[in-house]
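Asks: Quick note: the sequence shown uses full-length UniProt numbering, first residue 1, plus one each step. Got a structure here, written out as structure tokens. Questions coming.
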Amino acid sequence: MDLFSDGASLLPIPIEDGVLAYMARFPLPCSSAEVLAQLIRDTHWRADTIVVYGKRYLQPRLTAWYGEAAYTYSGLTLQPAPMSPLLAQLRTTVEDVTGHRYNSVLLNYYRDGKDSMGMHSDDEPELGLRPVIASLSLGAARTFILRHKTIKRTVKLDLTDGGLLLMAGDLQKNWLHGINKSVRVTGPRINLTFRYVG
Ligand SMILES: O=C(O)CCC(=O)C(=O)O
Ligand SMILES: [Fe+2]
1 MDLFSDGASL LPIPIEDGVL AYMARFPLPC SSAEVLAQLI RDTHWRADTI
51 VVYGKRYLQP RLTAWYGEAA YTYSGLTLQP APMSPLLAQL RTTVEDVTGH
101 RYNSVLLNYY RDGKDSMGMH SDDEPELGLR PVIASLSLGA ARTFILRHKT
151 IKRTVKLDLT DGGLLLMAGD LQKNWLHGIN KSVRVTGPRI NLTFRYVG
């Protein structure tokens, strides 16, 4: 019997120039459908415009920021707000499972396959030199694309309902990541990225 095939362990994903690990079945406090519905309903979602090369765009997803510190990216400053009991509970379990501490969470709400996230690195100075980011996915499965910044290499991961992806080491320094639009996906997905903002 394979002790690690039940999805309840955080397993390393071999990748050059960075650290990745994945747990297929993150322990949730209730069903993933209930967590998804509660987060969609109770989160103060924002529809932000961002500035890219001097032009303003509406972000192709909704976002929310909870935690102790403000966070600035793409010319936007997100003000801190206290985590709900559900978010605090998810954070504690993510800390237990990954062995790292987090003081903030960015939530992304992909309403359907038309929502997306452009290729980027989470390398803002306030995240520190080798940020540890734990990313929990709920709802529709989406493809997570990683592209190395210097060698021509692309890695695709299927992020499914209830999965936890850990990004660490030099991953943000050496790789970009993002979520493309998908014509096949019609259902909603929420992704929570737990971070430590110094
Ligand atoms: O939705 C995802 O899986 C990616 C989220 C992400 O990259 C981010 O919040 O920085
Ligand atoms: Fe990211």
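By construction, the Cβ of each residue, glycine as well, lies at the ideal position given by its N, Cα and C atoms. Note that the structure is a prediction, hence the values are computed from the model and not measured.
Name the residue from Leu146, Leu62, Gly18 whose alpha carbon lies nearest to the alpha carbon of Arg41.
Replies: Of the candidates Leu146, Leu62, Gly18, the one whose C-alpha sits nearest the C-alpha of Arg41 is Leu62.
Asks: Opposite Lys55 in the DSSP bridges: which residues?
Replies: DSSP lists Val52 as partners of Lys55.
Asks: Quick check: what's the CA-CA separation for Ser120 versus His177?
Replies: Correcting the residue type first, residue 120 is His in the shown sequence and not Ser. Distance between the alpha carbons of His120 and His177 is about 5 Å.
Asks: On a CA-only basis, which of Asp17, Gly128, Asp161, Pro12 is nearest Arg147? Give me that one, please.
Replies: The option with the nearest alpha carbon to Arg147 is Asp17.
Asks: In the DSSP assignment, the beta strand (DSSP E) including Ile133 goes from what residue to what residue?
Replies: 133-139 is the span of the beta strand (DSSP E), which, as asked, contains Ile133.
Asks: Looking at the unbroken beta strand (DSSP E) that takes in Thr193, where does it start and where does it end?
Replies: From DSSP, the beta strand (DSSP E) with Thr193 extends over 189-195.
Asks: Could you tell me the boundaries of the alpha helix (DSSP H) in which Ala47 lies?
Replies: Run containing Ala47: none; DSSP gives neither H nor E here.
Asks: If you measure from each CB to the nearest heavy atom of ligand 2 and keep those under 6 Å, what residues do you get, in chain order?
Replies: Those satisfying the condition are, in chain order, His120, Asp122, His177.
Asks: Nearest CA to the CA of Ala47: which residue from Phe194, Gln38, Gly54, Pro60?
Replies: Per the Cα distances, Pro60.
Asks: Just to check, is the beta-carbon of Ser135 closer than 8 Å to a non-hydrogen atom of ligand 1?
Replies: Indeed, a heavy atom of ligand 1 lies less than 8 Å from the Cβ.
Asks: Can you give the Cα-Cα distance for Tyr57 and Thr77, rounded to whole angstroms?
Replies: C-alpha separation (whole angstroms): 16 Å.
Asks: Just verifying my parser: in three-state terms, what is the DSSP assignment at Pro12?
Replies: Here Pro12 sits in strand by DSSP.
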